[in-house]
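Residue numbers (my numbering): 360 to 621. Using N, Cα and C, we set each Cβ at its ideal position, and we do this for glycine too. Below is one structure, written out as structure tokens; comments come after it.
Spelled out as structure tokens, the structure:
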């Protein structure tokens, strides 16, 4: 199923306003260091499964990435290894569909776990620290990192997402994608290849919604605080989409809400 078709347009939940609209007293979202990060080093999307014996090392490394303020780390649990004897408690069909969409976008012939997609541009072994760190550094150096600033602020009843102007070359049309994820949680695996192990999973994606469009110019988007409060965590991705509906490069990203402990 295409990326565009399966993400729900959250028009009812998200009101779009111009940057020149009514001024609101807003509190910026800040990282643990106290400094707001509007251009993180990059986005790491890990495709993993509780039923895959190769995934625990990647999940452990991912926990380190999830603790960093300058990386937006999201874990998509997939369901195609469930036949091995354990049904992943965090997997969804939508997560699996997103990995298959990336497969088509990259021109690959198959999917695998653990797979780490970096900035929506390329994929590496999610258990390889060298490959993940190397891809992030290379893209940052070559201008394939986060080139659009995303600032998040909030009042008592709403969250404001400010996407900046396009910087440099590349796409100037993108979807504003809201990614909801669960708080960190420990899962005791009862069957399958990881039977008997208790593993902690961070930032496991539970829902993805397209919230609006960006066309290369600064734009403000508003989200009701009630929507954020329902979820464990939340991130925003500014992601280009191909004419075929497949996901493309991620141009900007930020955390809206980031739970950081069990």
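Proximity of residue i and residue j at Cβ, strictly below 8 Å
{"i": "residue 429", "j": "residue 436", "result": "no"}
{"i": "residue 548", "j": "residue 613", "result": "no"}
{"i": "residue 610", "j": "residue 599", "result": "yes"}
{"i": "residue 407", "j": "residue 472", "result": "yes"}
{"i": "residue 536", "j": "residue 570", "result": "yes"}
{"i": "residue 504", "j": "residue 426", "result": "no"}
{"i": "residue 494", "j": "residue 481", "result": "yes"}
{"i": "residue 533", "j": "residue 433", "result": "no"}
{"i": "residue 403", "j": "residue 477", "result": "yes"}
{"i": "residue 479", "j": "residue 440", "result": "no"}
{"i": "residue 522", "j": "residue 597", "result": "yes"}
{"i": "residue 517", "j": "residue 584", "result": "yes"}
{"i": "residue 520", "j": "residue 507", "result": "no"}
Integer Cβ distance of residue i from residue j, believed to fall under 8 Å
{"i": "residue 601", "j": "residue 443", "result": "In fact, because the Cβ distance is near 33 Å, the residues do not count as touching under 8 Å."}
{"i": "residue 405", "j": "residue 417", "result": "6 Å"}
{"i": "residue 486", "j": "residue 412", "result": "About 11 Å; that fails the 8 Å criterion."}
Cβ neighbours of residue i in the same chain (closer than 7 Å, five flanking residues each side left out)
{"i": "residue 502", "result": "527"}
{"i": "residue 384", "result": "In this prediction, residue 384 has a pLDDT of 44, which is less than 50 and means its spatial position is unreliable; what the coordinates show is noted afterwards. For residue 384, where only same-chain residues beyond five positions count, the Cβ hits under 7 Å are 514."}
{"i": "residue 424", "result": "403, 430, 432"}
{"i": "residue 467", "result": "none"}
{"i": "residue 615", "result": "388, 511, 518, 587, 593, 594, 595"}
{"i": "residue 420", "result": "486, 488"}
Three-state class that DSSP yields for residue i in the structure shown
{"i": "residue 611", "result": "strand"}
{"i": "residue 626", "result": "In the structure as shown, the chain begins at 360 and stops at 621. Residue 626 is therefore absent and cannot be evaluated."}
{"i": "residue 430", "result": "strand"}
{"i": "residue 493", "result": "helix"}
{"i": "residue 501", "result": "coil"}
{"i": "residue 590", "result": "coil"}
{"i": "residue 579", "result": "strand"}
{"i": "residue 585", "result": "helix"}
{"i": "residue 456", "result": "helix"}
{"i": "residue 513", "result": "strand"}
Cβ neighbour criterion (16 or more within 10 Å) applied to residue i
{"i": "residue 498", "result": "buried"}
{"i": "residue 592", "result": "buried"}
{"i": "residue 469", "result": "exposed"}
{"i": "residue 586", "result": "buried"}
{"i": "residue 456", "result": "buried"}
{"i": "residue 366", "result": "At residue 366, the pLDDT of 44 sits below 50, so the modelled position is not reliable and the matter cannot be decided from this model."}
{"i": "residue 588", "result": "exposed"}
{"i": "residue 489", "result": "exposed"}
{"i": "residue 398", "result": "buried"}
Own chain partners of residue i with C-beta closer than 6 Å, once the 5 adjacent residues on each side are dropped
{"i": "residue 575", "result": "525, 531"}
{"i": "residue 566", "result": "539"}
{"i": "residue 462", "result": "470"}
{"i": "residue 541", "result": "563, 565, 591"}
{"i": "residue 475", "result": "403, 405, 483, 485, 491"}
{"i": "residue 450", "result": "436, 437, 438"}
{"i": "residue 556", "result": "548"}
{"i": "residue 578", "result": "522"}
{"i": "residue 561", "result": "422, 425, 543"}
Near the ligand HEM: residue i beta-carbon under 7 Å from a heavy atom
{"i": "residue 445", "result": "Among the components modelled here there is no ligand, and therefore nothing to report on the ligand HEM."}
Proximal residues to residue i (C-beta, below 8 Å), its chain only, five neighbours per side dropped
{"i": "residue 445", "result": "409, 410, 548, 549, 550, 551, 552, 553, 554"}
{"i": "residue 452", "result": "438"}
{"i": "residue 608", "result": "478, 479, 480, 503, 529, 530, 598, 599"}
{"i": "residue 465", "result": "481, 482"}
{"i": "residue 618", "result": "542, 543, 591, 592"}
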